[in-house]
Amino acid sequence: MAALVARDIEAGSFVNLGIGQPTLVADHLPADAGIVLHTENGMLNMGPAATGEQIDPDLINAGKVPVTELPGSAYFHHADSFAMMRGGHLDVCVLGAFQVSARGDLANWHTGEPDAIPAVGGAMDLAVGAKSVYVMMTLFTKDGTPKLVPECTYPLTGLGCVNRVYTDLATFVITAGGVAVRETFGISFEELGSRLKVPLLRSTE
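With the sequence shown counted from 1, adding 2 to any position gets you my numbering.
Shown next as structure tokens:
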């Protein structure tokens with residue numbers, strides 16, 4: 003999934019990668035693409051994950067994963083980072099999700115369960131501030147419940163903000179006309195449609 007997302011990010015973009023699976027996208031970006039990674043905790047031009055002697059405990063992404071810095075990287079206050087997020091300065095953000103609705107509503111901060119720990123972080127700011135919102139998630143929960151749904155039942159993070167959904171079984175594009183399937187992985191379009199309650203279109207991309 004991370005490689006597929008990286009493939010779709012245009013050269014020269016300013017991008018934020020959310021906590022969890024989205025951080026893996028950094029390891030698949032072409033070095034010569036001029037893509038600048040922004041972190042919620044205050045860094046521009048973040049590099050791939052750090053390993054071995056590269057690890058600096060003071061140099062981490064928003065998910066506390068050790069990362070590298072690229073030439074020209076810059077550091078700034080947390081408040082300035084959020085101003086960039088809210089001000090429309092990011093071309094793409096990549097987020098995880100509990101649910102995405104057929105019209106692109108995003109639910110990724112709370113399941114609504116009494117014992118669940120809410121963790122919104124900067125997701126609301128990214129969802130409404132980034133020009134494009136890509137979601138990475140498994141298509142079904144462990145018990146087989148779809149996460150791409152007609153209507154979100156969990157508390158919402160943002161309305162109509164998701165443009166694309168990357169999952170383990172298919173990649174979807176959220177359009178004004180509905181949810182389009184761009185490609186599938188180990189499953190047919192027909193089987194996919196039978197397992198989801200969301201009407202599916204075939205993508206022309």
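Glycine included, C-beta positions come from ideal geometry on N, C-alpha and C.
Does the beta-carbon distance from residue i to residue j come in below 8 Å?
| i | j | result |
| --- | --- | --- |
| valine 94 | serine 134 | yes |
| cysteine 163 | leucine 108 | yes |
| alanine 5 | glycine 36 | no |
| glycine 65 | glycine 22 | yes |
| isoleucine 189 | leucine 171 | yes |
| alanine 178 | arginine 204 | no |
At the level of alpha carbons, what is the spacing between residue i and residue j?
| i | j | result |
| --- | --- | --- |
| leucine 202 | methionine 86 | 35 Å |
| leucine 46 | leucine 128 | 15 Å |
| valine 137 | glycine 54 | 30 Å |
| lysine 191 | aspartate 34 | The residue asked about is misnamed: residue 191 is phenylalanine in this sequence, not lysine. The straight-line gap from Cα to Cα measures roughly 35 Å. |
| arginine 184 | threonine 173 | 6 Å |
| alanine 52 | aspartate 29 | 10 Å |
| leucine 72 | proline 116 | 42 Å |
| proline 193 | aspartate 145 | Per the sequence presented here, residue 193 reads as glutamate, with proline not at that position. Computed Cα separation, rounded: 18 Å. |
| leucine 39 | glycine 195 | 35 Å |
| asparagine 18 | threonine 159 | 16 Å |
| phenylalanine 16 | lysine 199 | 34 Å |
| alanine 76 | arginine 197 | 46 Å |
| methionine 48 | leucine 141 | 29 Å |
| proline 50 | leucine 26 | 8 Å |
| leucine 31 | glutamate 207 | 21 Å |
Buried or exposed for residue i, going by 16 or more other Cβ atoms inside 10 Å?
| i | result |
| --- | --- |
| valine 122 | exposed |
| aspartate 168 | It should be noted that the sequence gives tyrosine, not aspartate, for residue 168. With 16 or more Cβ atoms within 10 Å of its Cβ, tyrosine 168 is classed as buried. |
| glycine 106 | buried |
| alanine 8 | buried |
| isoleucine 57 | exposed |
| glycine 74 | exposed |
| glycine 20 | buried |
Please report whether the beta-carbon of residue i lies at a distance below 8 Å from any beta-carbon of chain C.
| i | result |
| --- | --- |
| threonine 143 | You won't find chain C in this structure, because it holds only one protein chain. |
So, for residue i: in the same chain, excluding its five sequence neighbours on each side, which residues have a beta-carbon less than 7 Å away from its beta-carbon?
| i | result |
| --- | --- |
| glycine 124 | Glu42, Phe84, Met87 |
| proline 24 | Val96, Leu97, Gly98, Met138 |
| histidine 112 | Ala118, Pro120, Tyr156, Pro157 |
| threonine 186 | Leu171, Ala172, Leu194 |
Who are the Cβ neighbours of residue i in its own chain at under 8 Å, not counting the five residues just before and after it?
| i | result |
| --- | --- |
| isoleucine 62 | Asn43, Pro68, Val69 |
Does the beta-carbon of residue i, which I'm using as the reference point, lie nearer than 7 Å to any heavy atom of the ligand HEM?
| i | result |
| --- | --- |
| valine 69 | With respect to the ligand HEM, the structure offers nothing, as it holds no ligand at all. |
Segment contact flag, the stretch 141-159 with the stretch 97-110, C-beta cutoff 8 Å, min 3 pairs: yes
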